[in-house]
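To keep things clear, I will list the structure first and then write my remarks on it.
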Amino acid sequence: MGGARPKDPMIPESFASRYPNLAAALIEMRTTGPDASWSSGMIDPGVAGDLTNSNRDGGSLLEILRGLFQAPIQPNDGFMRFSMAAHQFLGVSNDAHVFMGRLWADAIPMWSSPERAEFLSMLVQDPQDAFHALSFGVEMFRRIQFTADEAFPWIAEAHRIAGNDHFQGGFWGCIEAFCATSTKEAITVLERWLDSNPKGPSLRIIRNMIGWLRLAAPAQASDAARFAAIEDRVRSGGHSAWRGLYIQSWAYARPDLVLNEQRALDMRDRYVHPGSEEEIAWCYLLNSIIQVDKGSWVWAQRELHILSRPGLGEEAKYWAVTASLHCFVSSVKNEAVVAENWLAVLRGHLPISPGSLGTWEQVYAALRTLVLEDVGMTREFIRVLAQHSGEAWLKVARERQFLGFFQLLRQKGLHTSVAEDLCFQAEGAARHMGLVVLAECGVEAIGLSAVTAATDTQIELLLLEAQRRLLDNAALARLHACLAVRVDDIGGDLAERFHAECALQCLNTHQYRTVLAASASNHEYLPDIAADAADRLAEIAKASSSPALQMEVPGMARAQRLHDRKVIREVAKAVKDNSVVLSTMPTLSLLYGGREFRTFFGNRPLSEPSTMHSSSSSVEVPRLEFVDPEGMDLRRRAAENRIAKLNAQAGVDTAQ
Amino acid sequence: MNAESIKSFITYYLQSLNERTRREKSGAKWGIDWVAYNLGLARFGKPLRLPFLRSGELGCPQSKSEAEFGIDISFLSDEGDQLTIFVLKDEPLTNSTWTRSDFDRDLRMAIAPDLNAEGLHQVKSVTIILAYNKDDQQNGVEAYSRWVAAAPTKVGDGVALHFVRWNLSELVEQTIRHILSPSLLPERFFGQLSYLSAQFADFRHGSEAWQTQLVPNWNRFVGDVLQESAGLRGAALVPVALIILRQRAASNPSFETGWIELVEWAAVALWKRHAEHPVPAATVGIQRFWSDFYIAELDRFYRAHIDDLSTEQSIDSLVAVGSYLGAVASSYVSYWHIGRLGLLSVELAESSAPRLDLGQSLNEIANWAAMLTNANVSVLRPVLDIQHIEFFLMAAIWRNASRLADFAQIVEALLSRLYPRRLGRSSLPFIDGGNSLANVFEQVATKPDPPMILAQSSFFVLMLLELCCILPDESRDNLVALIHRRLVLGAFDQGDPGDRRPLDLMSWIPPDDWPRQVFNAEMPGGQGVAVGAFASHREATSADILDGIRKLVAEMRNAGPRFRQPPDLPIAASILASLRHGTPLPPELWRRWAFPESTTSADK
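Chains as they are written, first to last, in the working numbering: chain A, 1 to 656; chain B, 1 to 604.
Here's what the structure looks like:
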């Protein structure tokens with residue numbers, strides 16, 4: 001039937017008159033099937049309205065299906081082809097998903113068990129279509145009871161397809177609905193699954209199913225006993241991972257079923273040990289509980305504080321930080337003391353590993369919210385983060401993650417004060433983060449009051465921090481310009497080293513030289529230092545043209561070619577890796593022709609000529625890094641040694 | 001190169017020529033007749049009579065056996081009215097040679113040319129040029145003048161007769177003014193030198209074409225010259241060829257350093273010739289070439305260019321193109337210059353010729369080296385193990401100028417820059433024991449894994465340790481301990497020392513006759529010596545290490561031949577050969593300073 005030409009589809013008049021747009025769309029959907037060239041076009045608002053109304057009105061859609069197919073409905077390619085055209089003709093909306101789920105649910109009762117199993121299998125046959133099918137399946141599972149024989153193989157296969165994808169909503173919706181509607185069979189599925197000694201990803205499904213089955217509350221005593229037996233198996237089966245899933249299964253609770261302190265602590269005392277799977281599960285559960293029940297915050301805060309130790313695993317820390325951030329951000333507006341307490345808990349969980357991008361995503365999300373709600377607390381949070389997780393934060397920032405945050409800081413006018421907060425911190429990483437803010441946010445200058453308030457040692461430490469790091473040249477020039485007068489006041493060896501550093505940087509980049517000359521135009525020495533550097537560079541250029549220096553170094557030309565080829569390869573790879581367009585679209589290499597091209601694909605006509613676009617960017621290479629690489633390294637090492645010395649001195653002073 | 005120097009070497013060359021070019025069993029004899037022939041072509045028109053057949057066997061003119069009637073060569077002007085006759089002599093003009101060497105007879109015969117011969121009917125004036133490539137004495141000149149005064153003023157009825165005398169000085173002037181080109185050289189070498197001139201004008205010094213074409217061609221040319229000539233003529237011709245090359249390549253921006261390289265290859269070839277077949281007459285010429293040409297040119301070169309070389313970063317930023325390739329390239333250039341300055345110093349210091357201003361001159365060279373080093377940190381960036389030669393020469397500069405404290409500072413700075421490279425914490429690799437600049441470049445350009453270079457074995461580092469022993473005790477002790485800890489063991493100064501494998505130190509016992517063998521491109525013989533670290537832990541004291549070094553030196557001295565530099569071979573020449581061929585220096589060059597042998601033991 002799938003390959004045969006369909007008979008003319010018909011829609012019962014009663015339906016067509018009430019939902020004319022939807023009826024027309026269904027007929028076209030049946031006639032045309034999925035069109036490969038479709039690209040997410042706009043859906044007629046009339047269709048969307050009819051879908052909403054039809055779902056609201058309810059009623060059987062079996063006659064509609066019969067009219068459309070003019071034949072017995074079978075779980076075959078034709079039926080799937082029709083179903084998979086839904087997004088194209090009905091749109092991508094919850095109403096469309098529900099409507100399709102209803103259609104399927106009305107067809108399924110006509111099929112035998114093997115046919116139902118076959119149909120479920122077809123839903124996840126095509127990895128591309130599987131995500132649509134899973135979206136439609138949620139409503140179907142809500143309406144139809146499936147047996148364990150029908151559902152079990154399907155769950156495994158569907159998870160194989162969807163388990164590694166970001167878009168798993170459809171899959172989990174199907175499982176939840178299955179547990180709610182086919183509770184008894186779901187218990188059977190769990191029993192069989194546990195018999196097979198499941199590991200890895202399967203445990204997540206089991207965890208969720210246990211949670212949802214607990215919510216479904218098996219009605220019959222025998223089912224309740226079977227479910228209790230399952231719970232008993234997972235919590236006392238000798239598997240750490242099983243106990244973990246048992247703990248986590250409690251996260252799937254209605255507010256009225258959320259664990260209270262006593263039961264939660266009882267569970268903690270029974271199962272949780274440091275560094276275990278159960279500990280991860282415990283943090284997961286705590287995060288879940290505080291999101292649902294604000295009444296739990298007091299004891300949950302205490303628990304999260306207890307958990308804050310250096311050896312806490314990354315996954316456990318993710319949930320602990322997520323929980324702390326949630327409470328901190330939620331309370332920052334109206335409950336300052338509570339917020340401060342949560343910030344203290346959060347501080348205990350720092351540092352965050354730079355590789356834990358999920359945790360950093362939570363941190364940045366909190367920061368983005370905070371910036372809009374409380375400037376003071378934002379600065380405080382940033383300070384805490386830089387002080388206690390500065391190195392990791394720097395690494396995350398260095399890999400160009402979450403750059404939008406710096407733009408947000410600037411938009412909100414917080415960039416200068418944040419830079420001032422961080423630049424004079426005792427921790428090197430915090431100072432460095434201050435310099436990053438200075439560069440990324442384009443801070444013009446650290447304010448005079450902050451510079452004046454800083455101690456001599458703080459000024460020196462900041463300069464040394466800038467010396468030992470690779471910093472944006474313009475930002476470095478602005479930093480030097482705004483500190484110059486203060487450094488002159490300090491005088492002595494520091495002033496000498498400062499001027500030498502300025503002179504060196506003037507020789508290093510044109511950008512530094514020009515920005516310094518502009519930013520410190522009224523300074524007594526810096527403009528002369530910049531001018532002198534320009535003269536020295538001119539002399540170098542002149543001397544470099546000496547006949548004594550015109551020899552070509554043997555092998556240099558070949559090495560330059562090798563290097564250039566390597567750079568081109570790396571740039572091309574980086575562009576492809578970082579370009580959303582290039583990473584999702586196929587790359588087509590045009591072999592010949594000028595700057596214009598046309599395309600000819602399939603049955604479409606030859607396209608009009610398009611002009612190719614090029615993009616380029618340039619960056620000034622700091623010349624001394626290549627002219628004197630060892631010297632620049634030594635200079636950085638000297639700064640590190642001096643910082644260590646100053647820190648040691650500060651330690652002595654503190655002790656005294 | 002200044003005019004006086006050019007004149008001097010042209011004089012030397014012309015003086016070395018015979019009267020006639022001819023081939024003998026012992027080789028070709030190059031004559032003044034070829035020079036006169038080319039001068040005539042340049043000034044007096046077309047040749048009328050030549051004493052040879054051009055382009056004879058093997059590119060050498062073939063002598064004629066016909067009677068010449070006093071006329072060696074004659075030229076007729078393009079208008080046909082001027083006849084110029086050369087009477088050539090390879091004898092000094094003195095009263096005794098005037099008759100004994102037939103000046104008188106040949107001139108008398110020459111004043112009677114047959115003007116009735118075909119083509120000479122329009123001649124209105126005849127000029128007799130007496131040209132001789134030796135000096136003269138007043139009485140010889142007097143004899144000539146008297147003879148001219150008595151000679152007729154006309155040939156036949158109305159053809160004017162004039163007399164001109166070109167002594168050696170005039171001949172040199174005429175040569176420089178009119179034929180300072182490949183044509184000055186014997187015909188056999190004209191084509192070769194013309195080709196070399198074109199290449200020298202085109203190829204950038206150091207380029208692939210330079211390396212693979214020009215240098216081999218030049219070495220072949222010098223080899224041919226030396227093979228062809230017996231005695232001093234080869235040593236006289238080579239500088240003339242170099243002068244000609246220099247004139248022709250002035251438009252090549254890299255010709256200055258390129259020319260010095262060609263001079264060096266010639267010097268190595270000449271000393272090789274001397275080392276293999278010492279001929280007293282030639283030795284004088286080779287020594288003259290060495291000191292008055294090469295060493296003098298080096299001195300002139302650095303006087304002319306030291307301001308550029310000592311300009312801050314002039315070498316360091318030479319070829320920096322946004323990669324560390326420039327750092328490697330500038331190292332090569334720095335070492336090239338520091339090596340030449342070192343040769344100057346060694347030559348001055350070890351020359352047997354007495355000099356009143358020796359100390360001042362050595363100090364001046366040390367000043368140049370200091371200026372270059374202060375301006376360019378690439379001096380502190382050796383990339384190849386074989387650059388131990390230049391670094392030794394740098395040590396020699398400071399030692400010869402009695403400025404060891406300066407040298408200690410250099411070693412200290414070198415150490416601080418080599419240390420991160422030894423630890424693998426630098427963008428630049430450690431010194432390549434494989435001595436392949438191409439590999440170092442490729443390593444820096446592409447960073448392949450596994451690395452292309454051999455950084456585990458080092459002759460350089462052992463030399464550095466031994467060189468420190470020429471320093472005052474305090475500097476020596478500090479540096480020896482540091483070098484051993486940081487470079488040999490590759491250990492961190494504090495905390496966990498790390499687990500790097502110590503360097504495999506290398507030394508070698510050169511062959512007995514190294515000073516002569518070194519002039520060969522591939523030096524046979526010698527024995528490599530693998531030396532273990534002098535201590536296995538970083539806390540080793542300088543005393544421990546020095547004890548080990550002393551034992552090594554003693555053992556090697558017992559095992560190997562005693563180092564002797566023959567008096568007829570400048571030590572700087574042998575070191576130059578090492579530089580050019582990339583062969584290691586004998587450790588005794590610095591051990592004789594650091595661990596001098598007592599007279600008694602040396603006599604054993």
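Just so it is clear, CB atoms sit at the ideal spot from N, CA and C, and this is done for glycine as well. Note that the structure is predicted; figures quoted are calculated from it, not measured.
(request) Provide the residue span of the beta strand (DSSP E) that contains Ala648 of chain A, from first to last. (result) Run containing Ala648 of chain A: none in the beta strand (DSSP E); it sits in the alpha helix (DSSP H), 629 to 655.
(message) Using a Cβ distance threshold of 8 angstroms, determine whether the stretch 126 to 135 of chain B contacts the stretch 85 to 103 of chain B, with at least three qualifying pairs required.
(response) yes
(request) For the beta strand (DSSP E) holding Ala131 of chain B, just list the boundary residues, first then last. (result) 125 to 132
(request) Would you please verify whether the beta carbon of Ser39 of chain A is less than 8 angstroms from any beta carbon of chain B? (result) Caution applies to Ser39 of chain A, whose pLDDT of 49 falls short of 50 and renders its modelled position unreliable; the value that the coordinates give is listed next. No, no contact with chain B.
(message) Quick check for students: name the residue ranges of the alpha helix (DSSP H) that lie wholly in the stretch 210 to 273 of chain A, counting only runs of 4 or more.
(response) 221 to 236, 240 to 249, 261 to 271
(message) Please state whether the Cβ-Cβ distance between Leu115 of chain B and Val155 of chain B is less than 8 angstroms.
(response) yes
(request) Grab me the residues of Arg347 of chain A's own chain with a C-beta within less than 7 angstroms of its C-beta, minus the 5 sequence neighbours each way, in chain order. (result) Val384, His388
(message) Please give me, in chain order, every unbroken run of the beta strand (DSSP E) with length at least 3 that falls completely inside the stretch 150 to 225 of chain B.
(response) Listed in chain order, they are 159 to 166.
(message) Helix, strand or coil, according to DSSP, for Arg608 of chain B in the structure here?
(response) The shown model of chain B, from 1 to 604, leaves out residue 608 of chain B, and the question about it has no answer.
(request) Flag this pair as touching only if the stretch 126 to 138 of chain A and the stretch 77 to 93 of chain A have three or more C-beta atom pairs under 8 angstroms; answer yes or no. (result) yes
(request) Taking only beta carbons into account, state which residues of the stretch 529 to 549 of chain A come closer than 7 angstroms to chain B, listed in chain order. (result) Arg536, Glu539, Ile540, Ala543, Ser544, Ser546, Pro547, Ala548, Leu549
(request) Kindly say whether Val363 of chain A, judged by its beta-carbon, lies nearer than 8 angstroms to any beta-carbon of chain B. (result) For Val363 of chain A, the answer is no, since every Cβ of chain B falls outside 8 angstroms of its Cβ.
(request) Would you mind reading off the limits of the beta strand (DSSP E) that contains Arg49 of chain B? (result) Run containing Arg49 of chain B: 46 to 49, per the beta strand (DSSP E) assignment.
(message) On a Cα-Cα basis, can you pick out the residue from B:Ala236, B:Ser475, B:Gln199, B:Leu462 that is closest to Met245 of chain B?
(response) It should be noted that the sequence gives Leu, not Met, for residue 245 of chain B. Measuring from the Cα of Leu245 of chain B, the nearest candidate turns out to be B:Gln199.
(request) Kindly indicate which three-state DSSP category Asn522 of chain A falls into: helix, strand or coil? (result) coil
(request) Spell out the partners DSSP gives Ile509 of chain B in its beta bridges. (result) B:Gln527
(message) Taking the beta carbon of Pro570 of chain B as the centre, do at least 16 other beta carbons fall within 10 Å, making it buried, or is it exposed?
(response) buried
(request) Identify every residue that forms a DSSP beta bridge with Asn18 of chain B. (result) When DSSP reads this structure, Asn18 of chain B sits in a beta bridge with B:Gly31.
(request) Go ahead and pull the three-state DSSP assignment for Val480 of chain B. (result) helix
(request) Note down, in chain order, each residue of its chain lying with its Cβ closer than 7 angstroms to the Cβ of Leu471 of chain A, except the 5 sequence neighbours on either side. (result) Leu435, Ala439
(request) Enumerate in chain order the residues of its own chain whose CB-to-CB distance from Gly49 of chain A is below 8 angstroms, with the five nearest sequence positions on each side excluded. (result) Asn21
(request) Verify whether the separation of the beta carbon atoms of Phe221 of chain B and Val263 of chain B is less than 8 angstroms. (result) no
(request) Have a look at Gly525 of chain B and Gln138 of chain B and give me their C-alpha separation to the nearest angstrom. (result) 58 angstroms
(request) Compile a chain-ordered list of the residues in the stretch 632 to 656 of chain A whose CB is closer than 9 angstroms to at least one CB of chain B. (result) Asp633, Leu634, Arg637
(message) Under 8 angstroms, Cβ to Cβ, is there at least one residue of chain A near Gly326 of chain B?
(response) yes
(message) Can you find the residues in the same chain that come closer than 7 angstroms, C-beta to C-beta, to Trp111 of chain A, ignoring five residues on each side of it along the sequence?
(response) Pro75, Phe119
(request) Taking C-beta pairs closer than 9 angstroms, name the residues in chain A that Thr257 of chain B reaches, listed in chain order. (result) Pro547, Ala548, Leu549, Gln550, Met551
(request) Check Val623 of chain B in the structure and name its three-state DSSP category. (result) Shown here, chain B extends from 1 to 604; a query on residue 623 of chain B therefore has no answer.
(request) Kindly indicate if chain A contains any beta-carbon less than 8 angstroms away from that of Phe441 of chain B. (result) yes
(request) Anything in the stretch 294 to 308 of chain B with a Cβ closer than 9 angstroms to a Cβ of chain A? List those residues in chain order, please. (result) Phe301, Tyr302, Ala304, His305, Ile306, Asp307, Asp308
(message) Please tell me whether Ser121 of chain A and Met100 of chain A are closer than 8 angstroms, where the distance is taken between their beta carbons.
(response) no
(request) Mind listing the chain B neighbours of Val571 of chain A? Cutoff is C-beta to C-beta under 7 angstroms, in chain order. (result) The premise fails here: Val571 of chain A is roughly 13 angstroms from chain B at the closest Cβ pair, so nothing lies under 7 angstroms.
(message) If I measure Cβ to Cβ from Ala186 of chain A and keep anything under 7 angstroms in the same chain, skipping five residues before and after, which residues do I get?
(response) Phe178, Cys179, Met209, Leu213
(message) Any beta carbon of chain A sitting closer than 8 angstroms to that of Arg246 of chain B?
(response) no
(request) Could you tell me whether any Cβ in chain B is nearer than 8 angstroms to the Cβ of Asp628 of chain A? (result) Closer than 8 angstroms: yes.
(request) Would you mind reading off the limits of the beta strand (DSSP E) that contains Ile85 of chain B? (result) 82 to 89
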